[in-house]
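Novice: Residue numbers (our numbering): 152 to 264. Even glycine gets a Cβ: it sits at the ideal position worked out from N, Cα and C.
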Amino acid sequence: MLILTIGPHTFVDRETVYAWREAGIELIGPVPSISQMSRVAIDSVVGAIIDRDLDIDALILLTDQLDGLGIPAVFAASQTEKAQTSGFSLARERKAIAAIMAALLAQQKVTKH
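1. Closest to Phe162 by CA distance: which of Gly238, Phe226 and Ala254 is it?
2. Given a cut-off of 7 Å on the beta-carbon distance, is the pair Leu210 and Ile179 in contact?
3. Taking C-beta to C-beta, are Leu212 and Ala199 nearer than 7 Å?
4. Tell me, to the nearest whole angstrom, how far the beta carbon of Leu205 is from that of Gly158; I am working on the premise that it is less than 8 Å.
5. Determine the closest residue to Ala224 out of Gln187, Ile201 and Ile248, with distance taken between C-alpha atoms.
6. Measuring CA to CA, which of Asp215, Glu177, Glu244 and Leu155 is closest to Ser189?
7. Would you please state the rounded distance, in angstroms, between the beta carbons of Ser240 and Ala254? I believe it to be under 8 Å.
8. From Leu256, Ile251, Arg245 and Gln259, pick the residue whose C-alpha is nearest to that of Ala170; which is it?
9. Name the two residues that bound the continuous alpha helix (DSSP H) containing Thr167.
10. Helix, strand or coil for Ile157, going by three-state DSSP, please let me know.
11. Should Ala174 and Ile248 be called a contact, given that it needs their Cβ atoms to be closer than 7 Å?
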C-alpha cells in the first residue's frame, strides 16, 4: 500500500519511513507538490498525508488537486511536532499509523463509489 507524503524534505524522517514499512505501508516522498509525481506513482497511491504547516494557499491547491484525482488526504504534524499538537501526527507509533490509515481508508470508501 502506497501513501504519498507532501511537504518539505524534513516532513518525514528515515525512522518514520521504516516504522510505516514494518506496518506494511510504503511512504513515498515527501514531495513539495503533486506536479513532482509521475502519473504512474499518482495512480498507485491510496492516500496522501499533507504537512499541516504548509501555507494556506498551498493546502487549498493540494486538496483541490487530490480531490480531483480521487486521492483521500489528511493533514498531519511531523514526528518532531507531535507532542505539541492535537490531530494526526506522522509518527512511528502503531497507534498513530492506524489512526491515519483509518481516516484515509474511510475517505476512500466515500470518494471511490
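Specialist: The short version:
1. If you number the sequence shown from 1, residue 162 lands on position 11. When only C-alpha atoms are compared, the closest one is Phe226.
2. Locating residue 210 in the sequence shown gives position 59, where the first residue counts as 1. Locating residue 179 in the sequence shown gives position 28, where the first residue counts as 1. No.
3. Within the sequence shown, numbered from 1, the residue matching residue 212 stands at position 61. Within the sequence shown, numbered from 1, the residue matching residue 199 stands at position 48. The answer is no: Cβ separation not under 7 Å.
4. Stepping through the sequence shown from its first residue, residue 205 is reached at position 54. Stepping through the sequence shown from its first residue, residue 158 is reached at position 7. Contact flag correct, Cβ pair sits at about 6 Å.
5. Counted from its first residue, the sequence shown places residue 224 at position 73. Ranking Gln187, Ile201 and Ile248 by CA distance to the CA of Ala224 puts Ile201 first.
6. The count along the sequence shown starts at 1 and reaches residue 189 at position 38. For Ser189, the nearest C-alpha among the options comes from Leu155.
7. Working through the sequence shown from its first residue, we reach residue 240 at position 89. Working through the sequence shown from its first residue, we reach residue 254 at position 103. Not a contact, Cβ separation roughly 12 Å.
8. Position 19 of the sequence shown, counting from 1, holds the residue named residue 170. That would be Arg245, whose Cα lies nearest to the Cα of Ala170.
9. Counting from one through the sequence shown, the residue named residue 167 turns up at place 16. Following the DSSP letters along the chain, one finds Thr167 inside the alpha helix (DSSP H) bounded by residues Arg165 to Glu173.
10. Translated into the one-based positions of the sequence shown, residue 157 becomes position 6. Ile157: strand per DSSP, three-state reduction.
11. Taking the first residue of the sequence shown as 1, we reach residue 174 at position 23. Taking the first residue of the sequence shown as 1, we reach residue 248 at position 97. Less than 7 Å separates the beta-carbon of Ala174 from that of Ile248.
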